[in-house]
Amino acid sequence: MLTDMTTEYETCLGWYLKIFTFTLAIALGTVKVSAQKKDSVNVGTAKGLLRDSTHNYVMQATTVSIYKVETGELVSYQLSDNFGRFLFRQLPVDIPLRIIATNIGYGPVKREFRISQSTKTFDLKALNMDRLTVSLKEVVVSGAPPPVQMRGDTLEFNAGAFKLDTNAVVEDMLRRLPGVTIWNDGVITVNGKKINRLLVEGKEFFGADNKIALQNLPKNAVKKIQVYQDKSEPDPIETKTNMNIVLKKDKKDGYFGKVSGGIGTTGRYDDNGMLSYYSPKNQVSMVGALNNVNKTADNTNTLVSLNSFKGEGISNDYHTDFTKPGATVFKAAGFSGIHDFSHRDDNKPDTNRLKVNYFLAVGNNTVDQNIHTQIPLEDNGYLNQTTVNSSKFNYNGQAFSARYDKVFDHGLLNASYDFQHNTSSMLNVRSSTSIGNLATDQSYSYDEQGGNKATIFHAGSIKFTSHRYTDFGTNRNRSVEMELSYLFSVNNTNEENRRITDFNAADYSQDKHFNRRYLTASNNIDHLIISSFNNILGVLQKDPYLRTDIKNTLSYSERNQTDAVSDLLTAGSQYLPNANLSNHLNNRIINYRPGINLSKVIINALANRFRKTWNLSIFTEGQLFRQQNTAALQIQNLERNYFYFIPSAMIGYSNNQLGKFRKTYFLKYNTTVTYPTLQQLAPLVDDANVYFLNYGNIKLRPAYMHDLSFKYEYSTVEAKNPLQGDFNVTVGQTNDFITDSSYYDALGRSVYYPINVSGEKHASLGGYLQKAFKYKDHQFQVSGKSRFNYAQYPSNLNGINYDTKTNSWLLTADLIYTYKGLLTAQVGESFLGNNTSRIGIAQYKYVNWKTYSNISFALPKSVFFSTRMDFNKNISSNSNNIYYTIWNIDVGYRFLKGANGEIKLSGLDLFHQNRNVINYMNNNSITTGTVNVLQQYFMVTLAYYPRKFGLSKVEH
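Just so we're aligned: 12 in this note's numbering is position 12 of the sequence shown, and the numbers increase by one with no gaps anywhere.
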């Protein structure tokens, strides 16, 4: 059996390698044809130095551009370094070139030169720049705008200097900008520094998802790109950087969207609609979706992002989720709006904005599972349980949210409100068989559950933040630096369920039958107040030696629940109340955490050279936790009061060598307490759940965890070939760790209650590394990440204590190649391994290997092609190895002016091998199995992208 599977896997791998090689050859052939149109391979270098002609100091961050004299074509560009130097490589030889250097407040410097074929190098020596005495405004070079320049502390890229396809979007332009890297996970870095927020005209563009702006806004609507420090969120260790897209005057309003419909084999369909409008004051989106191919979304902005102009088909990121269990039918519609009440100049921070969202989702999901569970017992005994489970779930959910933000001169006000109304129905049928070592150790259970649930949820918050400022007249600090927040939520739930259980054993006296009805009404109310008075000594003195913050967090939760449980008489149709499960309870929890944080920041810096920062903090915090429960049933009348000291401390160091690298080190100590819940202390035991009875433990104590962690981060701060990564390790232990204590009888029935144990230890080790190599229009990205987790703790099974050890290891590696916006090729590998052992009784291992590749390319203005293939190999210690391959292909054609029309043919799961494997282990059992998933289908999709930018006439 295993040999056959291996042969099948190798055959699939061989087919895949042939297909991958053929596709890659076509793609690279396209690149080669394009590359042959470029200039001769004879290239040279040019270097020089820029100085201020009056004071003779070097000119940093000056824009230096090189053009062909005959055609005016831009050849290359860069900013001078901290020493005023510049060095150009890969310049054409034996043709006239013109160099232009520009800086605000200086007249442009121009010089023509030619690189000799023999020497292939040219030294421009020192170029002197003259100050402008009449005006300090920006110098504009007619017909040749500088591609990049510094304006104060803002780095600006001029969009007009980059010639791209007429249908190019902002993402295509960013890939051409010097020092800008768009990583595979969507993160943008500029000269190695991560972009914290991507803004359009100084504000978020339809939410925080960068993709909406990057893949919808056309390049020809952009005037310039600005990169600057985010001063609204100060960080003593690491300053944050924003990127702002400034639009042309006649492109500050417009609309974009998508309307598509797809029909496929086996009854598959996939329909989407999205239309978004923006202006200086408003942003509005309307979306809709209808499909039965396992595509889902949680909110309006997600659907806006997934229907981007350049998103689907080319980047291959919105396909069927073949890992999702079951078959899902999904319907959704939504609306989002943002209105700006402020009167401000362009590119200043958001000051007065209201955001609203509404989202409606309707769907159903059908899941069929076949599960095998093995429970190892003492003396080499085992229980084997086989379960067939079928469930149907229908839901209807509505969500509305509103958020208001107001920025004052020295403060910030945020207010929000959320509303949800959800209804659902469920039917679950479960058949289980348990077999022990003896012929009499056999039982069978049929369990059917069905019901309806309705929930109404309200939540709101208000937060006020004030910032300290200096009165320069008196040279004293003013205002209080503080944060005050209040949050609340109200959750009302009504639920009606019915459960039918038939339990049959070889010993007839053990048979049990239940027909039980449950009516539950609950009301949960939560209040949270957070206050933080920061740097309180700063009011008295301008720069206190220690920063002192007083923090308080107070939460109050109350739950009122009424359960009416009744059982059907053996003969007849009358239900009688169940006195053991019918109950009314009131549960109240008060959690108060006062604390004082002492911190010190030490900075050693030299302008334009380096910045070294030490950050030390100690947070002395206490926690008062009170749990009070009153109930009709005496077992749930209880009260608990706890007080713990939960300190934390941190030492951080940052070394930022400007223009070279940035390193940060963090050493942290942290403590947390996990309090036992009512369900763990005194649950009501429902004997209809025959195979699992939870009795709780009234003597359970809180678990107190200590963690010590170290983290190291490194990134280069260079315009070319950025490198970044981190390494982190955590070790810890838990006092009074809460673990399982279970007893299994011969028929597979278990009695469970949690217990406290000593000796729990845990550790984790991980990190990531990514490197980009950029050469003209070609870019390679190499990335990898890893995470190893380990835990050791005692557990109890059938009255015997065992040491349980678990470890897991996740490892991924990727190689990605991109050429302009036309070609993306990716190969990668992921490994997931789990190992759990109970010393002296059982050991379980599970490994999943996945090899994947993705190629997508677009021929100019017309045809696009993408393919992804995943090879999966699952290895388990108690089941056969499983191999399966998922291969998807898209072939499409863009037509109409502006590439607004699209037709696409998709083939999904071409090998018809998709499988969803269940593999996991808890303290006392090993479970494996399969679940139904979506499999092979073919689909044809037609789409139209309505797009127009610049709706209003602008007077010049």
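The C-beta atom is built at its ideal place from N, Cα and C for all residues, glycine as well. Remember, it's a predicted structure, so these values are computed and weren't measured experimentally.
Measuring from the CB of residue i, is there a heavy atom of the ligand HEM at a distance below 7 Å?
{"i": "SER557", "result": "In the structure on display, the ligand HEM does not appear, and there are no ligands present to speak of."}
Looking only at C-alpha atoms, which of the options sits nearest to residue i?
{"i": "PHE692", "options": "VAL751, THR373, ILE195", "result": "VAL751"}
{"i": "ASP726", "options": "TYR712, ARG114, LEU624, LYS331", "result": "TYR712"}
{"i": "VAL75", "options": "ARG98, SER925, GLY784, ALA399", "result": "ARG98"}
{"i": "SER786", "options": "ASP803, GLN792, LYS774, TYR768", "result": "TYR768"}
{"i": "GLN936", "options": "VAL293, ASN735, THR181", "result": "VAL293"}
{"i": "SER555", "options": "THR548, PRO544, PRO577, ARG588", "result": "ARG588"}
{"i": "GLN913", "options": "ASN932, GLN60, PHE938, ILE886", "result": "ILE886"}
{"i": "ASN932", "options": "GLY799, THR328, ASN796, GLN385", "result": "THR328"}
{"i": "GLU112", "options": "ASP230, ALA46, ASN854, THR119", "result": "ALA46"}
{"i": "GLN733", "options": "ARG749, TYR775, LEU708, ASN272", "result": "LEU708"}
{"i": "ASN560", "options": "TYR575, THR553, PRO702, ASN629", "result": "ASN629"}
{"i": "MET150", "options": "ASN210, ASP94, GLN226, VAL170", "result": "GLN226"}
{"i": "ASN854", "options": "ASN888, SER837, TYR883, ASN848", "result": "ASN888"}
Starting from the C-beta of residue i, find all residues in its chain whose C-beta is less than 8 Å away, skip the five residues before and the five after it, and write them out in chain order.
{"i": "ASN504", "result": "SER443, TYR444, SER445, ASP511"}
{"i": "LEU164", "result": "ASP172, MET173, ARG176, LYS219"}
For the alpha helix (DSSP H) holding residue i, just list the boundary residues, first then last.
{"i": "VAL170", "result": "170-174"}
{"i": "ILE960", "result": "Residue 960 lies beyond the stretch modelled for the chain, which goes from 1 to 956, so this question has no answer here."}
Please list, in chain order, all residues of the same chain as residue i whose beta carbon is under 6 Å from its beta carbon, the five residues on each side excluded.
{"i": "VAL139", "result": "Model confidence at VAL139 stands at a pLDDT of 44, short of 50, so the residue's coordinates are unreliable; what they give is reported in the following sentence. Closer than 6 Å at Cβ, skipping near neighbours: THR102, PRO108."}
{"i": "TYR515", "result": "Correcting the residue type first, residue 515 is Asn in the shown sequence and not Tyr. Excluding positions up to five away in sequence, the list reads ILE500, LEU568."}
{"i": "GLY436", "result": "LEU383, ALA746"}
{"i": "SER783", "result": "GLN770, ASP814"}
{"i": "TRP614", "result": "ILE602, TYR653"}
{"i": "GLN792", "result": "LYS761, LYS805"}
{"i": "ARG89", "result": "THR45"}
{"i": "ASN497", "result": "GLY451, TYR518"}
{"i": "VAL757", "result": "PHE737, THR739, PRO794"}
{"i": "ASN428", "result": "SER391, GLN449"}
{"i": "ASN694", "result": "PRO683, TYR752"}
{"i": "ALA415", "result": "TYR404, ILE462"}
Where does residue i sit, in a helix, a strand or coil, going by DSSP?
{"i": "VAL304", "result": "helix"}
{"i": "GLY767", "result": "strand"}
{"i": "ALA746", "result": "coil"}
{"i": "SER509", "result": "helix"}
{"i": "ALA161", "result": "helix"}
{"i": "GLY929", "result": "strand"}
{"i": "ILE536", "result": "helix"}
{"i": "THR440", "result": "coil"}
{"i": "THR677", "result": "coil"}
{"i": "ASP409", "result": "coil"}
{"i": "ALA899", "result": "helix"}
{"i": "ILE646", "result": "coil"}
{"i": "GLN60", "result": "coil"}
{"i": "ASP250", "result": "helix"}
{"i": "ILE635", "result": "helix"}
{"i": "PHE831", "result": "strand"}
{"i": "ASN292", "result": "coil"}
{"i": "LYS219", "result": "helix"}
Near residue i, what residues of its chain come up, given a Cβ to Cβ distance below 7 Å and the 5 sequence neighbours on each side ignored?
{"i": "ASN641", "result": "ARG626"}
{"i": "ILE755", "result": "ASN697, THR739, SER741, ASN796"}
{"i": "ASN394", "result": "ASN364, SER424, SER425"}
{"i": "LEU576", "result": "SER566, ASP567, LEU569"}
{"i": "GLY207", "result": "ASN301"}
Just to confirm the assignment, what range does the beta strand (DSSP E) spanning residue i have?
{"i": "LEU667", "result": "661-674"}
{"i": "LEU91", "result": "85-92"}
{"i": "GLN369", "result": "352-376"}
{"i": "PHE256", "result": "254-264"}
{"i": "GLU204", "result": "Neither: GLU204 is in no beta strand (DSSP E) and is coded neither H nor E."}
{"i": "ILE596", "result": "583-606"}
{"i": "PRO577", "result": "575-577"}
{"i": "SER76", "result": "74-79"}
Decide yes or no for the touch test of the stretch 565-581 against the stretch 525-545: beta carbon pairs closer than 8 Å, at least 3 of them. no
At a cut of 8 Å, does the stretch 590-601 reach the stretch 545-552 through at least three beta carbon pairs? yes
Sufficient close CB pairs (3 or more, under 8 Å) joining the stretch 267-275 to the stretch 240-250: no
contact_flag[the stretch 894-907, the stretch 874-884] where n(CB pairs < 8 Å) is 3 or more: no
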